[in-house]
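Contents: one structure, followed by commentary.
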Amino acid sequence: MTNKIIITIDGWSSCGKSTLAKQLAKSLGYVYIDSGAMYRAITLYFLRNHIDWTDEKEVEQALDNIHLHFEYNEKSEQSEMFLNDENVEYVIRDLVVAEKVSDVAAI
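Offset between the sequence shown (1-based) and my numbering: plus 554.
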């Protein structure tokens, strides 16, 4: 078994992190995972279930019901985000989610 290192890239919004990460992953033979998709998926869950993310107890209870995982799509050569076994890769890119994801990520 070959151990591979994990590479993370941090930076401001829209500075090219994803573009760089995708190109780097491809050239190294790594799988690119969009960690921001996890925040977006949690935000989607909160929105769908009317969770008040300013209420710590409500958030803690909600987190017990959130199951996230990525699946690699060979056709698109990308990892896709799944929330409770639902492929939400495209839904999480919606403007409604985008407007709230920073608030949820700040928790």
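Just so it is clear, CB atoms sit at the ideal spot from N, CA and C, and this is done for glycine as well. Fair warning: this is a prediction, and the values are worked out from it, not measured in the lab.
Going by C-alpha positions, glutamate 625 is about 21 Å away from threonine 556. Taking one beta carbon from each stretch, the region 615-622 and the region 562-580 have fewer than 3 pairs nearer than 8 Å; the two do not touch. Of the residues assessed, threonine 562 falls on the exposed side of the cut-off, its CB having fewer than 16 other CB atoms within 10 angstroms. For glutamate 625, the secondary structure class from DSSP, reduced to helix, strand or coil, is strand. When only Cα atoms are considered, tyrosine 584 and glutamate 610 end up about 36 Å apart. Checking the DSSP bridge columns, you'll see asparagine 641 partnered with Phe636. A buried status is given to glutamate 643, since no fewer than 16 other beta-carbon atoms sit within 10 Å of its beta-carbon.
Under the three-state reduction of DSSP output, aspartate 657 falls in the helix class. Just so you know, the alpha carbons of isoleucine 596 and serine 581 end up roughly 30 Å apart.
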